[in-house]
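Beneath this line is the structure, given in C-alpha cells, with notes to follow.
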Amino acid sequence: MRNNSIFYVYFTLLLVVFNSHSLTAQDSHRCETENQTTLTINFTSDKAKGVINMSVYDSKENFLTNYFKQKRADMLSGEDIQVVIEGLCLGHQYSIASFLDENDNQKLDKNFVGMPQEPYGFSKNVKGTFGPPSFEETKITLDQKNKQINITLD
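Numbered per mature numbering (1 follows the signal peptide of the UniProt record, and there is no 0), the sequence shown spans residues -25 to -1, 1 to 129.
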C-alpha cells in the first residue's frame, strides 16, 4: 500500500511539473486582445523577383532556430512590397529575418563557404560581419500600435 502511495505522489508531481511547463510555454507569448498589434514590414530590393520568406523571432534563445511566426509573399522584380504580421504583443521585442527566394526552393541558397547567394535582410537592416547578426543587434520593440519598419533585401 505504501509503494502505491509513493507512486501516486510522484506521478501527481510529475503531472504538475509537465502541465506548468506547457502552460508557461503557451502563455509566454500570449497577450490580451487590447495589447495585440500589427507590424508592417516594407521590403525593398533591386534584385530579381522571387518569394520573400520571413520569420519573426521572439527571443534570443529562439533566434534563427525556432520562429514565432512565419510568412511568405511574392515580390515582383523592382517592386516594393508590404507584409503585415498580426497578433504580436505591444511592448514585446522581436527580430525579423528574411530572404528573397529567387528560385522558390524554400531555402536560402549559399555558396561553398556558406555565403548567401540570394538577397537577404534583417530588422534594422543590420548585416553580420562573419555570419548573421545577433538577436540583440536586430531586435525591435513594438512600442506603438501598428508599427512600420523597412527591410532592404540585398
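The C-beta atom is built at its ideal place from N, Cα and C for all residues, glycine as well.
Keep in mind it's a predicted model, so treat the numbers as computed, not measured.
Straight-line measurement puts the Cα of I115 at about 8 Å from the Cα of K99. For F110, the enclosing alpha helix (DSSP H) begins and ends at F110 to T113. Minimum Cα-Cα distance from E93 among the listed residues T12, S73, T8 and Y42 corresponds to S73. Here P94 is not bridged, per DSSP, to any residue. Judged by DSSP secondary structure, D33 falls outside any beta strand (DSSP E); it is assigned neither H nor E.
Fewer than three Cβ pairs drawn from the region 5 to 15 and the region 79 to 95 lie within less than 8 Å of each other, which leaves the two stretches out of contact. By the neighbour-count criterion, in which 16 or more other beta carbons inside 10 Å mark a residue as buried, D118 falls on the exposed side. Secondary structure of K99 (DSSP, three-state): helix.
Following the DSSP letters along the chain, one finds F18 inside the beta strand (DSSP E) bounded by residues Q11 to T19. Rounded to whole angstroms, the gap between the alpha carbons of K120 and F87 is 43 Å. Burial is judged here by how many other beta carbons sit within 10 angstroms of a residue's own beta carbon; P91 has fewer than 16 and is exposed. If you ignore the 5 residues before and after K44, its C-beta comes within less than 7 Å of the C-beta of V31 and I60, all in its own chain and listed in chain order.
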